[in-house]
Amino acid sequence: MPKQLARGMGTFAKPCSCSQPTRCPHPYFIRYRDAGGKQREETGFRTQDAAKERLVELYARKSSTPASKAELIRHYGQMRFEDFVGDYMGRQRRLSYGTAYEYEHLARNHLIPELGSRRVETFSPMVVENFLTTMDRLGIPDPTQFKVYVLLKTLLLDAHRKGAINEHPLQDVDAPQYEAERAIVPTKEQIVGIKTAADHDRFSMFVDMMAGCGLRNGEALALNVNNIVADDVYRVTEQVHYRTKKLEKLKHRKPGEFREVPLPRSIREAIERFVEKHGATEDGYVLQGTRAKHMNHSTINYIWYRKLPGKDVDMPEGMSIYGYRHFFAANCLAHNIPITDVAEWMGHKSIEVTFRIYRHLMPASIGRAARLLDKELPDLAV
Numbered sequence: 001m002p003k004q005l006a007r008g009m010g011t012f013a014k015p016c017s018c019s020q021p022t023r024c025p026h027p028y029f030i031r032y033r034d035a036g037g038k039q040r041e042e043t044g045f046r047t048q049d050a051a052k053e054r055l056v057e058l059y060a061r062k063s064s065t066p067a068s069k070a071e072l073i074r075h076y077g078q079m080r081f082e083d084f085v086g087d088y089m090g091r092q093r094r095l096s097y098g099t100a101y102e103y104e105h106l107a108r109n110h111l112i113p114e115l116g117s118r119r120v121e122t123f124s125p126m127v128v129e130n131f132l133t134t135m136d137r138l139g140i141p142d143p144t145q146f147k148v149y150v151l152l153k154t155l156l157l158d159a160h161r162k163g164a165i166n167e168h169p170l171q172d173v174d175a176p177q178y179e180a181e182r183a184i185v186p187t188k189e190q191i192v193g194i195k196t197a198a199d200h201d202r203f204s205m206f207v208d209m210m211a212g213c214g215l216r217n218g219e220a221l222a223l224n225v226n227n228i229v230a231d232d233v234y235r236v237t238e239q240v241h242y243r244t245k246k247l248e249k250l251k252h253r254k255p256g257e258f259r260e261v262p263l264p265r266s267i268r269e270a271i272e273r274f275v276e277k278h279g280a281t282e283d284g285y286v287l288q289g290t291r292a293k294h295m296n297h298s299t300i301n302y303i304w305y306r307k308l309p310g311k312d313v314d315m316p317e318g319m320s321i322y323g324y325r326h327f328f329a330a331n332c333l334a335h336n337i338p339i340t341d342v343a344e345w346m347g348h349k350s351i352e353v354t355f356r357i358y359r360h361l362m363p364a365s366i367g368r369a370a371r372l373l374d375k376e377l378p379d380l381a382v
């Protein structure tokens, strides 16, 4: 028979049917209502005193919870997860267009079909584990599983901070692991062959900016002669967004922020030749589109996915358009340029990203270090 403390404090009992429950080894469990009014249970208390102390602690916490917060806990706890996703997205004022689009895509295609009707307060580590198992069973690719889990984690921790989920929803959850695939890097000869096969001046200039300066696709499309701030420096200030097809701020940067990258002499001269032949817009954009002042991703995709496959082109298996940018990184690292500089030039959020993608391209350094160190050691090591 459950034993009750003062009204509203909860009850404690043992779930066993032993004749002397106070002396048996089975643990006590407690039952109480949280600040949001939902009934909760906890177990694992070895003595009555431990169970009572926990109930007193919980009651004190509930009593000190303002009515407004208790109402907030009830509101979010009873909300359907699908509605909570919409509420969360509506509160994110600083998400970039691309990030918001990806979140909505992941939620719409993976989270909501499986979890959308569940009340937020019912999430637990077991629910999350079962969802991850379902993604495995459905054959969802590892990179997608990782992204979906990161979004689910973000949403559930937000609900947990608001008090809508009582226990930590990710406690001991075996999170999906994803190791980025190795970068596939074309050779210089292969890049020349691809440019020749494409037979498209704007595409060639686009490739030169990626392979020679390490620009992202959209940054290369926004090539501007006014951004050549020195003979050997190009300032990256904006990108052509692949969905909106408009000029937007750089990835991982606030509006108005920029980064500067090396501008090799051969690339600068290629820009000058291109502008002399094709001209530039009044505000300096080099890769002009047919209907806009800048070319967009659809032209590049047409050449890459439609035009080149019909040609006899030597290309590494599995190479993507990003391979030109990988060439820049490989070229830098092969010439012992510090990876910290490479990370900055490529605009990575942290050096960990650069290291994870390109560590296999870094020249072996242990043997070289041993030879260099040995120059000072012969007279010392006896």
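End of the sequence shown sits at 382 in full-length UniProt numbering; the numbers just go up one at a time, nothing left out.
Don't be surprised by glycine CBs; every beta carbon is placed ideally from N, CA and C.
- [ ] Examine chain C for any beta-carbon lying closer than 8 Å to the beta-carbon of Leu-263, and answer yes or no.
- [x] In the displayed structure, chain C is absent; only one protein chain is listed.
In this structure, does DSSP put Thr-11 in helix, strand or coil? Residue numbering aside, residue 11 sits at position 11 when the sequence shown is read from its first letter. Residue state, collapsed to three classes: strand.
Relative to the C-alpha of Met-126, which candidate in Thr-99, Ala-175, Gln-92 and Arg-108 has its C-alpha closest? The residue you call residue 126 lines up with position 126 of the sequence shown. That would be Ala-175, whose Cα lies nearest to the Cα of Met-126.
- Ile-184 to Pro-264, Cα distance in whole Å? Translated into positions along the sequence shown, residue 184 becomes position 184. Translated into positions along the sequence shown, residue 264 becomes position 264. Taking the straight line from one Cα to the other gives about 23 Å.
### Buried versus exposed, by CB contacts within 10 Å (16 or more), Leu-223
Indexing the sequence shown from 1 puts residue 223 at position 223. In the assembly as shown, Leu-223 is a buried residue. Its beta-carbon has 16 or more other beta-carbons within 10 Å.
Selected residue, minimal CA-CA separation from Ala-230, among Leu-215, Glu-260 and Gly-214: If you number the sequence shown from 1, residue 230 lands on position 230. In terms of CA proximity to Ala-230, Glu-260 leads the group Leu-215, Glu-260 and Gly-214.
| query | At which residues does the alpha helix (DSSP H) containing Ala-330 begin and terminate? | reply | In the sequence shown, counting from the first residue as 1, residue 330 sits at position 330. First-last of the alpha helix (DSSP H) with Ala-330: 323-334.
- Burial state of Glu-238 (16 or more Cβ within 10 Å): Taking the first residue of the sequence shown as 1, we reach residue 238 at position 238. Buried, by the Cβ-count rule.
Quick check: the Cα distance between Pro-21 and Thr-122, rounded to an integer number of angstroms? The residue labelled residue 21 in the question sits at position 21 within the sequence shown. The residue labelled residue 122 in the question sits at position 122 within the sequence shown. Taking the Cα positions, Pro-21 is about 31 Å away from Thr-122.
Worksheet entry | Gly-214 to Asp-341 span [Cα, whole Å] | Stepping through the sequence shown from its first residue, residue 214 is reached at position 214. Stepping through the sequence shown from its first residue, residue 341 is reached at position 341. Rounded to the nearest angstrom, the two C-alpha atoms are 12 Å apart.
Review point. Whose CA, out of Met-9, Tyr-28 and Gly-10, lies closest to the CA of Cys-18?
Key: Taking the first residue of the sequence shown as 1, we reach residue 18 at position 18. Nearest of Met-9, Tyr-28 and Gly-10 to Cys-18, Cα basis: Tyr-28.
| Do the CB positions of Arg-202 and Met-295 come within less than 8 Å of each other? | Indexing the sequence shown from 1 puts residue 202 at position 202. Indexing the sequence shown from 1 puts residue 295 at position 295. Yes; because the gap between Cβ atoms is below 8 Å, this pair is in contact.
Practice item. Using beta-carbon positions only, say whether Gly-116 and Arg-80 come within less than 8 Å of one another. Key: Counting from 1 along the sequence shown, the entry for residue 116 is found at position 116. Counting from 1 along the sequence shown, the entry for residue 80 is found at position 80. A contact, by the Cβ cut-off of 8 Å.
### Query
For Leu-287, does the count of other Cβ atoms within 10 angstroms reach 16, so buried, or fall short, so exposed?
Along the sequence shown, read from residue 1 onward, the residue named residue 287 stands at position 287. So Leu-287 counts as buried.
message: Tell me which residues share the same chain as Met-135 and place their Cβ nearer than 6 Å to its Cβ, disregarding the 5 neighbours each side in the sequence.
response: Position 135 of the sequence shown, counting from 1, holds the residue named residue 135. Setting aside the 5 residues that flank it on each side, Met-135 is surrounded in the same chain by Gln-145, each with a C-beta closer than 6 Å to its C-beta; the list follows chain order.
Look at the Cβ atom of residue 441, then the Cβ atom of Tyr-101, and state whether they are nearer than 8 Å. Here the chain has residues from 1 to 382 only, and residue 441 is not among them.
Check your understanding: Would Gly-77 pass as a contact of Arg-119 if the rule is Cβ separation under 8 Å?
Key -> Mapped onto the sequence shown, residue 77 falls at position 77. Mapped onto the sequence shown, residue 119 falls at position 119. A contact, by the Cβ cut-off of 8 Å.
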